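Down below is the structure, laid out as structure tokens.
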Amino acid sequence: MPINKEKLDLRAEVAKNRPDFKRPESWRYKRLETTWRKPKGIDNHQRKQKSRGRPGLVKVGYGGPKIARGLHPSGYTDNLVHNITDLEKLNPKTDGIRIAHSVGTKKR
250 MPINKEKLDL RAEVAKNRPD FKRPESWRYK RLETTWRKPK GIDNHQRKQK SRGRPGLVKV
310 GYGGPKIARG LHPSGYTDNL VHNITDLEKL NPKTDGIRIA HSVGTKKR
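250 is the number of the first residue of the sequence shown in the numbering used here; add one for each residue after it.
Laid out in structure tokens, this is it:
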């Protein structure tokens with residue numbers, strides 16, 4: 250069972266109500282991926298929120314709960330470690346680590 254389970258459950262509950270944001274016109278052209286890109290056209294209907302059938306825009310209000318931000322899906326907090334002193338400051342029961350890219354193979 251992951252630690253911070255109630256925070257992760259809250260995050261999942263909020264995510265259920267979040268719409269799937271789609272790139273404008275991605276349903277129309279196969280060459281466009283569906284991953285979100287902000288519409289920037291001068292007369293873009295999605296940007297202006299003119300048409301009812303268009304998907305919504307990404308806004309601040311759709312963000313996840315503040316207490317669950319920065320948590321890894323396992324429930325640990327995500328920390329970047331550059332050296333041994335950074336590693337010694339962390340609590341192994343609550344903190345997960347990622348070794349920084351700048352750390353070489355020998356010191357990993």
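Beta carbons: idealized from backbone N, C-alpha and C, even for Gly. This structure is a prediction, so every number in the text was calculated from the model and none was measured.
- Counting of Cβ neighbours within 10 angstroms places residue 298 among the exposed residues, the total staying below 16.
- The closest CA to that of residue 284, considering only 254, 271, 356, is found on 271.
- If you ignore the 5 residues before and after residue 347, its C-beta comes within less than 8 angstroms of the C-beta of 327, 328, 329, 330, all in its own chain and listed in chain order.
- Runs of the alpha helix (DSSP H) lying entirely within the segment 265–305, each at least 4 residues long, are 294–297 in chain order.
- DSSP places residue 260 in the helix class (H, G or I) of the three-state scheme.
- Judged by beta-carbon spacing, residue 324 lies within the 8 angstroms limit of residue 253, meaning their Cβ atoms are closer than that value.
- The beta-bridge partner set that DSSP reports for residue 320 consists of 326.
- Looking only at 308, 317, 289, the smallest Cα-Cα distance to residue 267 is reached by 308.
- Contact between residue 295 and residue 322 is absent: CB atoms are separated by about 31 angstroms, not below the 8 angstroms threshold.
- Taking residue 275 as the centre and dropping the five residues before and after it, the same chain places the C-beta of 281, 283 closer than 6 angstroms to its C-beta, in chain order.
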